[in-house]
Every structure is written in C-alpha cells, then in structure tokens.
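Asker:
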Amino acid sequence: MTSLAERVDLVIGVDTHKHTHTAAVVDATTGGTLSELTVSTDPGGYGELLTWVGAIRGGSRVWALEGGGGYGAGLARFLGSAGEQVVELDRPKRAARRHGAKSDSLDAVRAAREALAREHLARIKDDGPRAELAVLMAARRSGVEAATLAQRQLLALVTAAPEELRAVLRGANTTVTVQTAARLRTRSAWDRQTVTTANVLRTLARRVLTLQDEARDHETAIGEIVRSWRPDLLTQPGIGALTAAQVLIAWSHPGRIRSEAAFAMLAGTAPIPASSGMTIRHRLNRSGDRQLNRALHVIALSRARYDQRTRDYIDRRRAQGKTDREIRRCLKRYIARDLFRQLEHGPLPA
C-alpha cells in the first residue's frame with residue numbers, strides 16, 4: 001500500500017475548537033511546515049481557509065481534521081461539498097503529549113504529520129441518515145437517563161413521604177406508582193408538608209411520563225430510518241432498531257473502515273493476548289466505541305437466549321473448557337465480523 005506522502009503533495013492539519021480553527025500546511029515529502037492560519041468557525045472562515053491553501057502551492061492535497069465529528073463537523077461538511085479530500089484523526093491522548101509543547105499551531109502540525117505517518121486513515125463520517133440516527137439516539141439516550149433519574153427521585157421521596165401519601169402509593173410497582181403520582185390531588189385536610197410533597201411527587205411523575213413519551217417518539221423515528229436505509233440488518237437474529245442504529249452510526253458508509261479487523265478494533269471486540277507459559281488466553285478489549293460495543297453485547301445476549309445456533313456454539317465452547325467471559329468475547333468478535341461484511345457488501349446469503 002502506498003503511503004500518503006506518495007499520493008499527495010500537501011497535508012493540511014487542522015486543530016478544531018468551538019470558536020476558531022487553526023490550520024497548518026505541511027509538505028508531504030519533507031514534513032516541513034509551509035504556512036499556518038487561524039480562522040473563525042463560520043462559512044466565511046472556512047472559505048478563507050480554502051482560498052489560503054490554494055494560494056500556497058498547487059498539487060493534490062488532503063485535510064487531516066482533529067475532531068471531525070465534533071467541533072470540526074461544519075468544516076468537514078464545507079470541505080466535502082467543495083470536493084476536498086478529508087480524513088479524521090483522534091485527538092491526541094494527554095499522556096502522549098504531557099512532556100511536549102502545546103499550542104493550536106503545534107497541534108495542527110502534529111495532525112498533519114500524524115496523517116503522513118499512518119498507513120490507514122479514516123474518512124469523515126457521512127451526513128444523511130447516519131447523522132439523523134446520531135442525533136436521535138443522543139436525544140433518546142438523554143431522555144431515558146433523565147427519566148430514570150426523575151423516577152429514582154420520585155421513589156426516594158415516596159419512601160419518606162407523609163403517611164397520607166404513602167398510603168396511596170404503597171405496594172404498587174414502579175409504573176403504577178408513577179402513574180398514580182401524576183394524578184395526585186391535594187386535600188384541604190393535609191398539612192403544608194404533605195401538600196408540598198404531593199405537588200413535588202406529581203411534578204416528578206409527570207416529568208417521567210413526558211420524558212418516556214419523548215424517548216418513544218425518538219425510537220419510532222429511529223426505527224423508520226433504519227427500515228428505510230438498511231432493513232436487512234433487522235432480519236438478523238438479536239438485532240432491533242436501536243442496536244442496528246448504533247451499528248450504523250459507527251460504520252457510516254462503505255469504505256470508511258478499512259477491514260473487518262479494524263471494525264472489530266473500533267468495537268472493542270478485537271482479542272487482546274493474555275497468555276502466560278503454557279496457558280493460551282485472550283482477554284476482553286475495553287477500548288474502542290463503547291456504545292457500539294454495548295450494541296454488540298445486547299445482540300450477543302439476545303442470541304444466546306433465543307438463537308439455537310448460538311446456543312449450540314456456546315455449548316461447544318464450554319465443552320472445550322472456555323469460560324463464559326471468553327465465550328462472550330468470541331461471540332462478539334464473530335458478530336462484529338458478520339455485521340461488517342453485511343454492511344460493506346449487502347445482505348448475507350440465506
């Protein structure tokens with residue numbers, strides 16, 4: 001495989017921030033810095049960057065953005081619409097630069113040189129249905145978390161509430177407790193503490209119900225997008241709309257991830273050797289995209305319970321002396337491999 005230096009003349013590293021972006025143009029052959037510029041994060045600033053780069057030197061070029069899915073998303077879209085080649089780099093770990101100099105210009109130069117040093121570079125994730133799923137999943141997740149927090153607060157208050165309220169709410173399951181609390185009405189015979197507690201319980205309960213309704217609306221929209229974009233995923237055992245959406249968000253589009261091994265590494269399912277002496281073992285990989293890893297975990301649990309082929313596989317691996325944790329690691333790696341092949345090449349043959 002040819003290196004980036006053999007394919008382009010210039011690499012423009014960009015250190016992205018909320019209000020400004022700092023770019024550095026690096027010669028792909030020598031690695032030397034040719035020019036630097038800081039612009040505002042708006043269309044005017046993006047256009048200034050493009051004009052500035054064009055005036056430096058002709059030839060082919062690639063943009064290497066740190067945080068292309070966050071602060072750099074607007075610039076990535078602008079460059080993509082202008083026909084520019086854009087790749088994404090992770091922000092450097094603090095430990096990696098702890099003993100080195102730090103500035104926006106230096107970070108931009110580092111980004112360009114890191115792109116030159118890598119054999120494989122990730123393309124920026126697509127907009128369209130992937131971006132829609134990303135915002136819907138984020139909104140649903142925050143709604144579910146907020147509803148859970150409000151529900152816990154409600155149940156804690158019920159435990160210590162005045163007896164008049166506990167008598168109404170005692171003994172019911174959580175769903176009924178929330179619904180009953182949402183309909184609470186104060187009574188003239190109650191003292192001030194009881195009235196205040198009842199009002200707070202009603203407010204919390206209605207908040208829970210509202211947030212749950214919002215989450216369901218988001219889930220419906222997520223299902224519609226998945227069914228219109230990649231309905232083939234939903235035919236696979238253990239995969240529902242939410243898990244399919246999380247997989248699609250991470251994958252984005254064909255060619256972005258170079259191989260099924262890279263997809264497994266992204267998902268945190270690539271095995272990590274943990275052998276010693278005559279014992280050959282691998283341990284769980286706790287790095288990568290944890291939301292994607294969680295989606296694969298949910299798929300694995302569902303298949304272990306309901307898919308006969310998966311249950312037979314688990315029995316065979318147990319007979320070989322594998323622990324449940326090792327079996328789960330193997331199963332998630334297998335699922336990642338199959339999903340990547342399906343995502344890249346279309347539905348798997350029956």
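In the UniProt record's numbering, the protein residues as written are 1 to 350. Glycine included, C-beta positions come from ideal geometry on N, C-alpha and C.
#1: R256 to R206, Cα distance in whole Å?
#2: What would DSSP say about I124, mapped onto helix, strand or coil?
#3: Relative to the alpha-carbon of I335, which residue among D289, S81, T269, K322 has its alpha-carbon at the smallest distance?
#4: Short of 7 Å in beta carbon distance, which residues of its chain neighbour R202, apart from the five on each side in sequence? Order them along the chain.
#5: Leaving out the 5 sequence neighbours to the left and right, which residues in its chain are closer than 8 Å to R227 when beta-carbon positions are compared?
#6: Please list, in chain order, all residues of the same chain as V195 whose beta carbon is under 7 Å from its beta carbon, the five residues on each side excluded.
#7: Sorted by chain position, which residues of the same chain lie with C-beta nearer than 6 Å to W52's C-beta, five sequence neighbours on each side aside?
#8: Using the Cβ count rule (16 or more neighbours within 10 Å means buried), how would you classify E88?
#9: Around the Cβ of L4, are there at least 16 other Cβ atoms within 10 angstroms (buried) or fewer (exposed)?
#10: Name the DSSP beta bridge partners of residue 351, please?
#11: If I measure Cβ to Cβ from V26 and keep anything under 8 Å in the same chain, skipping five residues before and after, which residues do I get?
#12: Whose CA, out of A295, Q212, P162, E224, lies closest to the CA of W190?
#13: For residue 377, name the three-state secondary structure that DSSP assigns.
#14: I need the boundaries of the alpha helix (DSSP H) containing S35, first residue and last residue.
Answerer: Per the coordinate set shown:
#1: 43 Å
#2: Coil, per DSSP.
#3: Measuring from the Cα of I335, the nearest candidate turns out to be T269.
#4: A181, A182, L184
#5: L234, A241
#6: T186
#7: Exclusion of the five residues before and after W52 leaves L37 as the residues of its chain whose Cβ lies within less than 6 Å of its Cβ.
#8: E88 comes out buried.
#9: buried
#10: Here the chain covers residues 1 to 350 and nothing more, so residue 351 does not appear.
#11: L10, V11, I12, G13, G32, T33, L34, V109, A112, R113, L116
#12: P162
#13: Outside the shown range of the chain, which is 1 to 350, sits residue 377, and nothing can be said about it.
#14: Premise fails: S35 lies in the beta strand (DSSP E), 33-40, not in any alpha helix (DSSP H).
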